[in-house]
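For any residue, its number in our numbering is found by taking its place in the sequence shown, counting from 1, and adding 501. See structure below.
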Amino acid sequence: MVSKPATNIQNSLTLMTGISRYSILLLVLGLLVSCSPSPKEFTVTPAFYHWKSEFLPKEKEIDFLSTLSTSKLYVRYFDVALEDGIPLPVAVLESKTDFPDNYEIIPVVYITNSAMKIIPPDEVRILADRILEKVKSIHANIADGPFKQLQLDCDWSGDSKENYFLLLDSIKKALNDKNQSLSITLRLHQFKNPKKSDIPPADRAMLMFYNMGEVEDYLETNSILNLDAASKYLDTKKRYPLPMDLVLPLFQWGCIFRDQQLVHLSNNLTLSVLGDKTRFSKLSDNRYRVIKSTYLQGYFLYEGDEIRHESVSFEQLSSSVELLKEIRNTDEFSMAFYHLDSLSIEQFSPTELKQLMQQMAKGK
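Laid out in C-alpha coordinates, this is it:
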(Lines of atoms letter the chains of each structure in order from A; the text may use other names.)
(Lines give C-alpha, C1' and ligand atoms only; values in the text may rest on other atoms or scores of the structure.)
Protein backbone atom coordinates (compact mmCIF):
# COMPACT_ATOMS: atom_id res chain seq x y z
CA MET A 502 0.00 0.00 0.00
CA VAL A 503 2.94 2.36 0.61
CA SER A 504 4.32 2.12 -2.97
CA LYS A 505 1.16 3.28 -4.81
CA PRO A 506 1.49 7.03 -4.12
CA ALA A 507 5.02 6.99 -5.54
CA THR A 508 3.77 5.17 -8.64
CA ASN A 509 0.99 7.75 -9.07
CA ILE A 510 3.51 10.60 -8.80
CA GLN A 511 5.74 8.97 -11.42
CA ASN A 512 2.76 8.46 -13.74
CA SER A 513 1.75 12.10 -13.30
CA LEU A 514 5.27 13.31 -14.00
CA THR A 515 5.44 11.10 -17.10
CA LEU A 516 2.09 12.45 -18.31
CA MET A 517 3.17 16.06 -17.67
CA THR A 518 6.44 15.44 -19.50
CA GLY A 519 4.55 14.01 -22.47
CA ILE A 520 2.21 17.01 -22.53
CA SER A 521 5.15 19.40 -22.30
CA ARG A 522 6.91 17.70 -25.19
CA TYR A 523 3.70 17.78 -27.23
CA SER A 524 3.24 21.48 -26.47
CA ILE A 525 6.81 22.27 -27.45
CA LEU A 526 6.39 20.31 -30.68
CA LEU A 527 3.24 22.28 -31.53
CA LEU A 528 5.03 25.52 -30.71
CA VAL A 529 7.97 24.66 -32.97
CA LEU A 530 5.66 23.64 -35.81
CA GLY A 531 3.72 26.86 -35.40
CA LEU A 532 6.90 28.90 -35.58
CA LEU A 533 8.03 27.04 -38.69
CA VAL A 534 4.71 27.65 -40.41
CA SER A 535 4.65 31.33 -39.46
CA CYS A 536 8.23 31.82 -40.64
CA SER A 537 7.79 29.99 -43.97
CA PRO A 538 7.44 32.35 -46.94
CA SER A 539 3.92 32.83 -48.28
CA PRO A 540 3.29 32.18 -52.01
CA LYS A 541 4.66 34.96 -54.18
CA GLU A 542 2.12 37.46 -55.45
CA PHE A 543 2.53 39.22 -58.81
CA THR A 544 1.33 42.71 -59.68
CA VAL A 545 -0.90 42.35 -62.74
CA THR A 546 -2.26 45.42 -64.53
CA PRO A 547 -5.39 44.92 -66.68
CA ALA A 548 -5.31 46.30 -70.22
CA PHE A 549 -7.19 46.11 -73.50
CA TYR A 550 -6.26 46.34 -77.16
CA HIS A 551 -8.18 48.69 -79.45
CA TRP A 552 -7.84 47.46 -83.04
CA LYS A 553 -10.25 49.45 -85.19
CA SER A 554 -10.06 52.03 -87.95
CA GLU A 555 -11.82 54.65 -85.82
CA PHE A 556 -11.09 55.66 -82.25
CA LEU A 557 -14.61 56.12 -80.96
CA PRO A 558 -15.16 53.85 -77.93
CA LYS A 559 -18.82 53.33 -77.10
CA GLU A 560 -20.23 54.23 -73.71
CA LYS A 561 -20.81 50.53 -73.07
CA GLU A 562 -17.13 49.81 -73.68
CA ILE A 563 -15.95 52.65 -71.44
CA ASP A 564 -18.27 51.45 -68.66
CA PHE A 565 -16.85 47.94 -69.03
CA LEU A 566 -13.30 49.28 -68.66
CA SER A 567 -14.31 51.27 -65.60
CA THR A 568 -15.95 48.27 -63.93
CA LEU A 569 -12.82 46.23 -64.59
CA SER A 570 -10.63 49.07 -63.22
CA THR A 571 -8.78 49.17 -66.53
CA SER A 572 -6.98 52.38 -67.45
CA LYS A 573 -4.46 51.04 -69.96
CA LEU A 574 -5.16 50.78 -73.69
CA TYR A 575 -2.96 49.51 -76.50
CA VAL A 576 -4.31 51.40 -79.53
CA ARG A 577 -3.39 50.55 -83.13
CA TYR A 578 -2.45 53.85 -84.78
CA PHE A 579 -1.57 52.63 -88.28
CA ASP A 580 0.08 49.90 -90.33
CA VAL A 581 3.32 50.04 -92.27
CA ALA A 582 2.87 48.17 -95.54
CA LEU A 583 4.17 48.22 -99.09
CA GLU A 584 2.62 50.84 -101.37
CA ASP A 585 4.11 50.73 -104.88
CA GLY A 586 7.09 48.90 -103.41
CA ILE A 587 7.68 51.48 -100.67
CA PRO A 588 6.96 50.92 -96.94
CA LEU A 589 4.41 53.59 -96.01
CA PRO A 590 1.85 54.22 -93.24
CA VAL A 591 -1.58 52.87 -94.26
CA ALA A 592 -4.93 52.27 -92.55
CA VAL A 593 -4.30 55.28 -90.32
CA LEU A 594 -6.52 55.56 -87.25
CA GLU A 595 -9.22 58.21 -87.40
CA SER A 596 -9.75 59.83 -84.03
CA LYS A 597 -13.36 60.76 -83.33
CA THR A 598 -13.01 61.65 -79.67
CA ASP A 599 -10.59 62.39 -76.86
CA PHE A 600 -10.24 59.70 -74.23
CA PRO A 601 -10.48 60.44 -70.49
CA ASP A 602 -7.23 61.82 -69.06
CA ASN A 603 -6.87 59.00 -66.54
CA TYR A 604 -6.21 56.43 -69.28
CA GLU A 605 -2.74 55.48 -70.45
CA ILE A 606 -2.69 55.16 -74.23
CA ILE A 607 0.06 52.99 -75.71
CA PRO A 608 0.37 53.50 -79.48
CA VAL A 609 0.76 50.31 -81.54
CA VAL A 610 2.14 50.19 -85.08
CA TYR A 611 1.64 47.03 -87.12
CA ILE A 612 4.44 46.39 -89.64
CA THR A 613 4.11 43.80 -92.39
CA ASN A 614 6.90 41.30 -92.73
CA SER A 615 7.09 41.99 -96.47
CA ALA A 616 7.80 45.68 -95.80
CA MET A 617 10.76 44.74 -93.64
CA LYS A 618 12.07 42.32 -96.24
CA ILE A 619 12.20 44.79 -99.08
CA ILE A 620 13.38 48.05 -97.50
CA PRO A 621 17.06 48.88 -98.16
CA PRO A 622 19.06 48.90 -94.89
CA ASP A 623 20.20 52.49 -95.45
CA GLU A 624 16.55 53.64 -95.46
CA VAL A 625 15.54 51.93 -92.22
CA ARG A 626 16.50 54.89 -90.03
CA ILE A 627 14.48 57.20 -92.26
CA LEU A 628 11.48 54.91 -91.77
CA ALA A 629 12.07 54.97 -88.01
CA ASP A 630 11.90 58.77 -87.98
CA ARG A 631 8.73 58.76 -90.08
CA ILE A 632 7.04 56.24 -87.77
CA LEU A 633 7.84 58.31 -84.69
CA GLU A 634 6.59 61.53 -86.29
CA LYS A 635 3.36 59.87 -87.43
CA VAL A 636 2.77 58.36 -84.00
CA LYS A 637 3.30 61.72 -82.28
CA SER A 638 0.89 63.41 -84.68
CA ILE A 639 -1.91 60.89 -84.07
CA HIS A 640 -1.28 60.76 -80.34
CA ALA A 641 -1.70 64.52 -80.02
CA ASN A 642 -5.29 64.13 -81.26
CA ILE A 643 -6.15 61.39 -78.77
CA ALA A 644 -4.39 62.06 -75.47
CA ASP A 645 -2.83 64.87 -73.50
CA GLY A 646 0.90 64.64 -72.93
CA PRO A 647 3.49 62.29 -74.45
CA PHE A 648 3.10 58.51 -74.46
CA LYS A 649 5.20 56.43 -72.08
CA GLN A 650 5.57 53.42 -74.33
CA LEU A 651 5.35 52.59 -78.04
CA GLN A 652 4.69 49.07 -79.29
CA LEU A 653 5.68 47.63 -82.67
CA ASP A 654 3.91 44.55 -83.97
CA CYS A 655 5.66 42.48 -86.64
CA ASP A 656 5.86 38.75 -87.28
CA TRP A 657 9.47 38.94 -88.36
CA SER A 658 11.26 36.10 -90.12
CA GLY A 659 14.84 35.15 -90.87
CA ASP A 660 15.02 37.27 -94.02
CA SER A 661 13.45 40.36 -92.41
CA LYS A 662 15.07 40.16 -88.98
CA GLU A 663 18.13 42.28 -89.75
CA ASN A 664 16.10 45.22 -91.07
CA TYR A 665 13.43 44.92 -88.39
CA PHE A 666 15.95 44.81 -85.56
CA LEU A 667 17.75 47.81 -87.05
CA LEU A 668 14.40 49.64 -87.05
CA LEU A 669 13.77 48.65 -83.44
CA ASP A 670 17.22 49.77 -82.38
CA SER A 671 16.78 53.19 -84.00
CA ILE A 672 13.35 53.74 -82.45
CA LYS A 673 14.40 52.43 -79.03
CA LYS A 674 17.35 54.83 -78.83
CA ALA A 675 15.15 57.78 -79.77
CA LEU A 676 12.52 56.81 -77.19
CA ASN A 677 14.95 56.03 -74.38
CA ASP A 678 16.55 59.46 -74.82
CA LYS A 679 13.17 60.90 -73.79
CA ASN A 680 12.53 58.38 -70.98
CA GLN A 681 10.06 56.48 -73.16
CA SER A 682 10.16 52.73 -73.75
CA LEU A 683 9.71 50.37 -76.68
CA SER A 684 7.81 47.10 -76.55
CA ILE A 685 7.38 44.48 -79.25
CA THR A 686 4.84 41.74 -79.85
CA LEU A 687 6.05 38.18 -79.57
CA ARG A 688 4.53 35.14 -81.30
CA LEU A 689 4.69 31.75 -79.66
CA HIS A 690 7.17 30.37 -82.20
CA GLN A 691 9.48 33.32 -81.49
CA PHE A 692 9.14 32.72 -77.75
CA LYS A 693 9.89 29.01 -78.14
CA ASN A 694 13.04 29.47 -80.23
CA PRO A 695 14.80 32.67 -79.08
CA LYS A 696 18.14 31.44 -80.43
CA LYS A 697 16.65 30.98 -83.90
CA SER A 698 14.45 34.09 -83.84
CA ASP A 699 16.96 36.11 -81.81
CA ILE A 700 16.07 38.65 -79.11
CA PRO A 701 14.70 41.96 -80.42
CA PRO A 702 16.34 45.17 -79.15
CA ALA A 703 13.39 46.35 -77.06
CA ASP A 704 12.51 47.13 -73.46
CA ARG A 705 9.58 44.72 -73.14
CA ALA A 706 7.75 41.99 -75.05
CA MET A 707 4.03 41.25 -75.31
CA LEU A 708 3.39 37.52 -75.74
CA MET A 709 0.39 36.97 -78.02
CA PHE A 710 -1.44 33.95 -76.63
CA TYR A 711 -3.83 33.35 -79.49
CA ASN A 712 -3.93 32.27 -83.15
CA MET A 713 -1.69 29.34 -82.31
CA GLY A 714 -3.67 26.78 -84.30
CA GLU A 715 -3.71 26.16 -88.06
CA VAL A 716 -6.54 28.38 -89.27
CA GLU A 717 -6.23 27.13 -92.88
CA ASP A 718 -6.48 23.48 -91.82
CA TYR A 719 -9.97 22.19 -92.56
CA LEU A 720 -9.68 19.71 -89.66
CA GLU A 721 -8.60 22.32 -87.09
CA THR A 722 -11.10 22.67 -84.23
CA ASN A 723 -10.16 26.09 -82.87
CA SER A 724 -7.22 28.04 -84.27
CA ILE A 725 -7.78 31.00 -81.93
CA LEU A 726 -7.05 29.05 -78.76
CA ASN A 727 -5.63 25.56 -79.19
CA LEU A 728 -4.17 24.68 -75.79
CA ASP A 729 -2.64 21.40 -76.97
CA ALA A 730 -0.62 23.32 -79.55
CA ALA A 731 0.19 26.12 -77.11
CA SER A 732 1.55 23.83 -74.40
CA LYS A 733 4.24 22.59 -76.79
CA TYR A 734 5.47 26.14 -77.33
CA LEU A 735 5.56 26.83 -73.60
CA ASP A 736 7.45 23.66 -72.71
CA THR A 737 10.69 25.39 -71.83
CA LYS A 738 12.73 25.78 -68.66
CA LYS A 739 14.38 29.02 -69.74
CA ARG A 740 12.97 32.45 -68.98
CA TYR A 741 12.57 34.81 -71.92
CA PRO A 742 15.24 37.53 -71.57
CA LEU A 743 12.85 40.49 -72.03
CA PRO A 744 10.23 41.35 -69.36
CA MET A 745 6.98 39.95 -70.71
CA ASP A 746 3.42 41.19 -70.73
CA LEU A 747 0.64 38.84 -71.84
CA VAL A 748 -2.45 39.15 -74.03
CA LEU A 749 -5.43 36.78 -74.22
CA PRO A 750 -8.19 36.64 -76.87
CA LEU A 751 -11.85 37.55 -76.39
CA PHE A 752 -12.83 37.67 -80.06
CA GLN A 753 -14.72 35.26 -82.30
CA TRP A 754 -14.88 34.71 -86.03
CA GLY A 755 -16.10 32.42 -88.76
CA CYS A 756 -13.67 30.50 -90.97
CA ILE A 757 -15.33 30.03 -94.36
CA PHE A 758 -14.27 26.99 -96.38
CA ARG A 759 -15.01 26.19 -100.01
CA ASP A 760 -14.06 22.70 -101.15
CA GLN A 761 -12.22 22.39 -97.80
CA GLN A 762 -10.05 25.43 -98.63
CA LEU A 763 -10.13 28.55 -96.44
CA VAL A 764 -11.45 31.46 -98.52
CA HIS A 765 -12.44 34.09 -95.96
CA LEU A 766 -12.48 35.07 -92.28
CA SER A 767 -15.67 36.70 -91.02
CA ASN A 768 -14.79 38.75 -87.92
CA ASN A 769 -17.20 39.02 -84.98
CA LEU A 770 -19.47 36.35 -86.42
CA THR A 771 -21.90 35.23 -83.72
CA LEU A 772 -23.67 31.92 -83.29
CA SER A 773 -27.01 33.72 -83.36
CA VAL A 774 -26.39 34.65 -87.01
CA LEU A 775 -25.52 31.06 -87.87
CA GLY A 776 -28.73 29.97 -86.18
CA ASP A 777 -30.69 31.16 -89.22
CA LYS A 778 -32.05 27.81 -90.43
CA THR A 779 -33.16 29.27 -93.76
CA ARG A 780 -29.50 29.78 -94.72
CA PHE A 781 -27.40 27.48 -92.54
CA SER A 782 -27.49 23.86 -91.42
CA LYS A 783 -25.62 22.83 -88.28
CA LEU A 784 -23.15 19.99 -88.84
CA SER A 785 -21.54 19.79 -85.38
CA ASP A 786 -20.89 21.97 -82.33
CA ASN A 787 -19.11 24.68 -84.29
CA ARG A 788 -19.53 23.75 -87.95
CA TYR A 789 -22.26 24.87 -90.34
CA ARG A 790 -23.09 24.33 -94.02
CA VAL A 791 -24.55 27.00 -96.28
CA ILE A 792 -27.83 25.62 -97.66
CA LYS A 793 -28.76 28.72 -99.64
CA SER A 794 -26.39 31.09 -101.42
CA THR A 795 -26.35 34.34 -99.47
CA TYR A 796 -24.32 37.30 -98.25
CA LEU A 797 -22.64 37.18 -94.85
CA GLN A 798 -21.19 40.47 -93.60
CA GLY A 799 -20.81 41.61 -97.20
CA TYR A 800 -19.12 38.40 -98.36
CA PHE A 801 -20.96 36.14 -100.81
CA LEU A 802 -21.41 32.53 -99.75
CA TYR A 803 -22.22 29.72 -102.14
CA GLU A 804 -24.48 26.82 -101.32
CA GLY A 805 -22.25 24.05 -99.99
CA ASP A 806 -19.70 26.36 -98.34
CA GLU A 807 -18.87 25.44 -94.76
CA ILE A 808 -18.29 27.71 -91.78
CA ARG A 809 -16.23 26.83 -88.71
CA HIS A 810 -17.20 29.14 -85.87
CA GLU A 811 -14.34 29.84 -83.46
CA SER A 812 -14.55 31.54 -80.07
CA VAL A 813 -13.11 31.18 -76.57
CA SER A 814 -14.75 30.28 -73.27
CA PHE A 815 -13.99 31.39 -69.74
CA GLU A 816 -12.82 27.85 -68.94
CA GLN A 817 -10.34 27.95 -71.83
CA LEU A 818 -9.03 31.32 -70.69
CA SER A 819 -8.62 30.02 -67.14
CA SER A 820 -6.66 27.03 -68.45
CA SER A 821 -4.55 29.44 -70.50
CA VAL A 822 -3.72 31.43 -67.38
CA GLU A 823 -2.50 28.27 -65.64
CA LEU A 824 -0.15 27.58 -68.56
CA LEU A 825 1.10 31.16 -68.68
CA LYS A 826 1.80 31.29 -64.96
CA GLU A 827 4.70 28.93 -65.60
CA ILE A 828 6.52 31.43 -67.83
CA ARG A 829 6.07 34.67 -65.87
CA ASN A 830 9.45 36.37 -65.78
CA THR A 831 8.81 39.68 -64.03
CA ASP A 832 7.08 40.71 -60.80
CA GLU A 833 4.98 43.39 -62.50
CA PHE A 834 3.35 43.02 -65.90
CA SER A 835 0.25 43.81 -67.92
CA MET A 836 -2.39 41.26 -68.78
CA ALA A 837 -4.22 42.52 -71.85
CA PHE A 838 -7.32 41.32 -73.65
CA TYR A 839 -7.85 41.44 -77.40
CA HIS A 840 -9.86 43.41 -78.11
CA LEU A 841 -12.13 46.28 -76.99
CA ASP A 842 -15.32 45.66 -78.94
CA SER A 843 -18.96 45.50 -77.85
CA LEU A 844 -19.49 42.03 -79.31
CA SER A 845 -16.31 40.69 -77.72
CA ILE A 846 -16.97 42.00 -74.23
CA GLU A 847 -20.57 40.76 -74.34
CA GLN A 848 -19.19 37.23 -74.10
CA PHE A 849 -17.61 37.85 -70.68
CA SER A 850 -18.52 39.71 -67.52
CA PRO A 851 -16.10 42.04 -65.70
CA THR A 852 -16.28 39.61 -62.78
CA GLU A 853 -14.96 36.77 -64.95
CA LEU A 854 -12.06 38.85 -66.26
CA LYS A 855 -11.25 39.98 -62.72
CA GLN A 856 -11.11 36.32 -61.70
CA LEU A 857 -8.58 35.70 -64.47
CA MET A 858 -6.49 38.62 -63.24
CA GLN A 859 -6.55 37.32 -59.67
CA GLN A 860 -5.67 33.85 -60.90
CA MET A 861 -2.69 35.22 -62.82
CA ALA A 862 -1.48 37.22 -59.79
CA LYS A 863 -1.28 34.16 -57.54
CA GLY A 864 2.00 32.37 -57.03
CA LYS A 865 2.48 28.68 -57.60
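The beta carbon of each residue, even a glycine, is placed where N, CA and C say it ideally should be.
Counting along the chain, the unbroken alpha helix (DSSP H) around Gln817 starts and ends at Phe815 to Leu825. In the structure shown, the three-state DSSP call for Gln859 is helix. In chain order, Arg740, Tyr741, Pro744 and Met745 place their CB closer than 7 Å to the CB of Asn830, counting only its own chain and leaving out the 5 sequence neighbours on each side. Asp842 counts as buried, since no fewer than 16 other beta carbons sit within 10 angstroms of its beta carbon. Cβ contact annotation for Leu728 (same chain, cutoff 8 Å, sequence separation greater than five): Gln817, Ser820, Ser821 and Leu824, in chain order. Taken through DSSP and simplified to helix, strand or coil, Ile612 comes out as strand. With a cutoff of 8 Å on beta-carbon distance, Trp657 and Asn614 are scored as near each other.
Only buried fits Gln650, as 16 or more other CB atoms lie within 10 angstroms of its CB. By the 16-neighbour rule on beta-carbons within 10 angstroms, Glu811 is buried. For Gln691, no beta strand (DSSP E) segment is defined; the enclosing uninterrupted segment is the alpha helix (DSSP H) at Leu689 to Lys693.
Taken atom to atom, the span from the alpha-carbon of Ile828 to that of Val791 is near 42 Å.
If you look at Leu775, you'll find it in the alpha helix (DSSP H) that goes Leu772 to Leu775. Counted as a single uninterrupted DSSP element, the beta strand (DSSP E) harbouring Phe549 occupies residues Thr544 to His551. The residues Asn712, Met713, Gly714, Glu715, Val716, Asp718, Cys756 and Glu811, in chain order, have a CB closer than 8 Å to that of Ser724 in the same chain once the five nearest residues on each side in sequence are set aside. If you compare the alpha carbons of Trp754, Tyr578 and Leu784 with that of Asn642, the shortest gap goes to Tyr578. For Gly755, the pairing in a beta bridge is given by DSSP as Ser767 and His810. With a contact defined as Cβ atoms closer than 8 Å, Leu751 and Phe849 qualify at about 6 Å. When C-beta atoms of the region 615–635 are compared with those of the region 660–671, three or more pairs fall below 8 Å, so the two segments count as touching. Rounded to the nearest whole angstrom, the CA to CA distance from Thr546 to Phe834 is 6 Å. Under a 10 Å Cβ-count criterion, Asp585 is classified as exposed, with fewer than 16 other Cβ atoms of the shown protein chains found around its own Cβ. In this structure, the alpha-carbon of Glu542 lies about 8 Å from that of Asp832. When DSSP assignments are scanned along the region 697–730, the uninterrupted stretches of beta strand (DSSP E) that are 3 or more residues long and fall wholly within it turn out to be 705–709.
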